[in-house]
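When you line the sequence shown up against the working numbering, it's residues 262 to 440, in that order. Notes follow once the structure below has been shown.
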Amino acid sequence: MYKITLDKEDFLRYQLFTASKSKRIKSKRIRTWILLTISFLVIGLALRQNADGFLSYYFIGFSIITLIFYPFYQRRKYKKHYEKHIQENYQNRIGIESELGFEDGYIVNISDNQEGRIKITEIQEINEIGDNLFIKVKTGESVIIPSRFQEFDTLKEELSGLITPNNISWIKQLDWKWK
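Okay, here's the thing in structure tokens:
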């Protein structure tokens with residue numbers, strides 16, 4: 262059994278990683294960015310037709326600023342949203358030590374207040390980023406494993422040996438960053 266403790270950053274990386282891989286969230290972010298930019302541009306051009314030069318240039322300038330800087334703002338906004346979400350929903354799991362192990366074709370996760378068992382055959386994929394390993398289950402849930410504990414490489418080797426016969430994909434994205 263491996264002793265694991267998750268902190269806020271582990272949960273945040275998981276939420277942001279999941280959001281960055283979601284087609285729905287990706288398209289929503291792009292759609293919001295484009296619609297906001299176009300809206301300011303259209304307002305600016307409409308005001309130009311009415312001969313109000315200052316407001317016209319103001320909105321056209323704001324559309325250019327939105328085009329350039331909105332993705333940075335949006336990135337920060339999503340991060341703050343997930344930080345609040347984690348504080349509300351995962352506060353009882355932050356800093357709690359749990360034990361993770363492998364028994365008879367199962368991943369076993371034991372903590373003070375619960376015990377969970379996941380069949381190895383129910384694993385959909387494993388995603389590895391620089392600081393974490395996310396074991397995604399077919400039901401949509403995930404097991405978060407931080408890479409900062411001493412036996413991380415041993416755990417990876419053991420897990421790799423268990424998933425190879427089941428054709429489970431192991432996706433390495435060691436340079437992943439929230440964008």
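The beta-carbon is built from N, C-alpha and C at its ideal position, and this holds for glycine as well.
{"query": "Spatial neighbours of residue 382 within its chain, please: CB distance less than 8 Å, with the 5 preceding and 5 following residues excluded, ordered by chain position.", "result": "366, 427"}
{"query": "Under 8 Å by Cβ, that's how I've got residue 304 and residue 320 pegged, so tell me the actual separation to the nearest angstrom.", "result": "5 Å"}
{"query": "If contacts are defined as beta-carbon pairs under 8 Å, then residue 259 and residue 358 qualify, I think. What distance do you get, rounded to the angstrom?", "result": "Residue 259 cannot be examined here, being either before or after the span of the chain that is shown, 262 to 440."}
{"query": "Residue ranges of each alpha helix (DSSP H) run of no fewer than 4 residues wholly in the segment 276–307, ordered along the chain?", "result": "none"}
{"query": "Just mark residue 400 as buried or exposed, buried being the case when its beta carbon has 16 or more other beta carbons within 10 Å.", "result": "exposed"}
{"query": "Do the segment 344–362 and the segment 280–292 meet, that is, are 3 or more Cβ pairs less than 8 Å apart?", "result": "no"}
{"query": "Looking at the strands, I want to know which residues DSSP matches up with residue 378.", "result": "369"}
{"query": "When the Cα atoms are used, what is the spatial distance from residue 414 to residue 434?", "result": "16 Å"}
{"query": "With residue 407 as the anchor, note down where its alpha helix (DSSP H) starts and where it stops.", "result": "Taken as a continuous stretch (DSSP letters only), residue 407 belongs to no alpha helix (DSSP H), being part of the beta strand (DSSP E) at 403–407."}
{"query": "Assess, as a yes-or-no matter, whether the segment 325–337 is touched by the segment 382–397 under the definition of 3 or more beta carbon pairs within less than 8 Å.", "result": "no"}
{"query": "Taking the Cβ atom as the reference point for each residue, do residue 274 and residue 393 lie within a distance shorter than 8 Å?", "result": "yes"}
{"query": "Are residue 424 and residue 387 close, meaning C-beta to C-beta below 8 Å?", "result": "yes"}
{"query": "Could you give the C-beta distance for residue 416 and residue 263, rounded to a whole number, given that I count them as a contact under 8 Å?", "result": "5 Å"}
{"query": "Considering only C-alpha positions, which residue in the set 410, 390, 422 is nearest to residue 282?", "result": "390"}
{"query": "Which one or two residues does DSSP pair with residue 362 in a beta bridge?", "result": "369"}
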